[in-house]
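For the sequence shown, this note's numbering gives the first residue as 1, with consecutive numbering after it. Using N, Cα and C, we set each Cβ at its ideal position, and we do this for glycine too. Note sheet for the following structure.
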Amino acid sequence: MTETALDPERRYLVPVARLDLPGQPDDVHLSLYEWLPRFEEWATGMALCGYSTTQGALPEGTEATCRSCEAYRPQYQAVLDAEVRAAAERVARKREAAHAADTPENGAWFTVWLEGNWSWVTKKMTTVQREYAADRVAAYSRYLAECDNELDLGEPEGLRWWREAG
Ligand SMILES: [Zn+2]
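Below, the structure is given as structure tokens:
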């Protein structure tokens, strides 16, 4: 398992080495492997069976020999699978919401914002009307970002100039 192929949003089950101390059973354990943003690195924790372990994942394919860890594996795997499903659903919901914003009205307001003099046009509106128009532009902008597979960068700058003006 190369670390560049790992998704920092996910946790993995990996084989880990025992502590090199007397009295430790001579076993390969299993541990959760997760990205620690604070330290900007991947780390293992305690073994599933509760033993402390040597930090770091053993090479992929190393067989876990601890029976207790193996007994816990299905439970942990089920939790990890559920996490992956939940993350995929979050992405799908976000995509769905972004695509729902592909309406003629949103597209029309986006074009006004893009091609017109936005502050001049919106100056003629009440604040309620401006906010509504800005919502349409923002929604269409999110839709376009989603189509381009870009991160949502937030609202276009100056979109709600009246808020900045106070
Ligand atoms: Zn174990």
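| Check | Outcome |
| --- | --- |
| With a threshold of 16 other CB atoms inside 10 Å of the CB of SER141, please say whether the residue is buried or exposed. | buried |
| Grouping DSSP H, G and I as helix and E and B as strand, with all else coil, what is TYR33? | strand |
| Who are the near neighbours of SER119 in its chain, counting only those whose CB is closer than 6 angstroms to its CB and skipping five residues on each side? | TRP161 |
| Does any heavy atom of ligand 1 sit closer than 7 angstroms to the C-beta of ALA57? | no |
| Mark ASN106 as exposed unless 16 or more other C-beta atoms lie within 10 angstroms of its C-beta, in which case mark it buried. | buried |
| Taking 7 angstroms as the cut-off, does the CB of ALA47 come closer than this to any heavy atom belonging to ligand 1? | yes |
| Is the beta carbon of LEU19 closer than 8 angstroms to that of SER52? | yes |
| Relative to ligand 1, is the shortest distance from any of its heavy atoms to the C-beta of SER68 smaller than 7 angstroms? | yes |
| In the structure shown, what three-state DSSP assignment does GLY107 receive? | helix |
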